[in-house]
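Just so you know, we're using the working numbering here: the sequence shown kicks off at 1 and counts up by one.
Every residue, glycine too, gets a C-beta built ideally from N, C-alpha and C.
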Amino acid sequence: AAKDKTRTSVRVHVETCNKSFAKTAMGGYIENTGTVDLHYVTVETIWKNKDGLVVSTDLVYVLNGDTLAPGARKTFSDSSNLPSVARCNANPVDWW
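Below you can see the structure in the form of structure tokens.
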């Protein structure tokens with residue numbers, strides 16, 4: 001029997017994490033690393049203090065009904081006003 005090669009997969013890349021006064025801005029992109037179009041992608045943004053402890057998280061709906069073909073990318077951004085934020089990270093939460 002032939003194996004089904006259909007696969008949904010997404011990768012999140014954080015490119016910037018810049019602090020200006022009490023605001024920290026994060027920028028990055030998602031990449032469709034699967035074999036089929038994606039139409040919805042939710043990313044969890046993670047805000048950490050200087051010791052690497054999570055101080056806040058948020059959800060960003062990067063793709064909401066649009067089409068992201070295999071190999072394509074789409075940018076996202078988020079910001080935090082917590083003064084203790086020193087590091088940024090992000091993870092994919094949901095995609096289809």
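Residue i: first and last residue of the uninterrupted beta strand (DSSP E) it sits in
i      : result
Phe-76 : 73 to 80
Asn-91 : 87 to 95
Thr-57 : 54 to 68
Thr-42 : 38 to 48
Cross-strand partners of residue i (DSSP beta bridge)
i      : result
Thr-24 : Lys-19, Ser-80
Arg-11 : Glu-31
Integer Cβ distance of residue i from residue j, believed to fall under 8 Å
i      : j      : result
Val-55 : Asn-49 : 5 Å
Asp-37 : Thr-67 : 5 Å
Ala-25 : Ser-84 : Going by Cβ atoms, the distance from Ala-25 to Ser-84 rounds to 15 Å, so no, they are not a contact pair.
Ala-90 : Val-43 : 5 Å
Thr-8  : Trp-96 : 6 Å
Gly-27 : Thr-57 : Going by Cβ atoms, the distance from Gly-27 to Thr-57 rounds to 17 Å, so no, they are not a contact pair.
Cys-88 : Val-12 : At roughly 11 Å, the Cβ-Cβ gap does not stay under 8 Å, so Cys-88 and Val-12 are not in contact.
Close Cβ partners of residue i (< 7 Å) along its chain, the five nearest in sequence each way excluded
i      : result
Ala-72 : Asn-32
Same chain, Cβ closer than 6 Å to residue i, five either side skipped, listed in chain order
i      : result
Val-41 : Val-10, Ile-30, Val-62, Leu-63, Trp-95
Ala-69 : Asp-37
Pro-47 : Per the sequence shown, the amino acid found at residue 47 is Trp instead of Pro. Val-55, Ser-56, Ser-80, Val-85, listed in sequence order.
Beta-carbon proximity list for residue i, same chain, < 8 Å, skipping 5 on both sides
i      : result
Leu-53 : none
Leu-82 : Ala-22, Thr-24, Trp-47, Val-55, Ser-56
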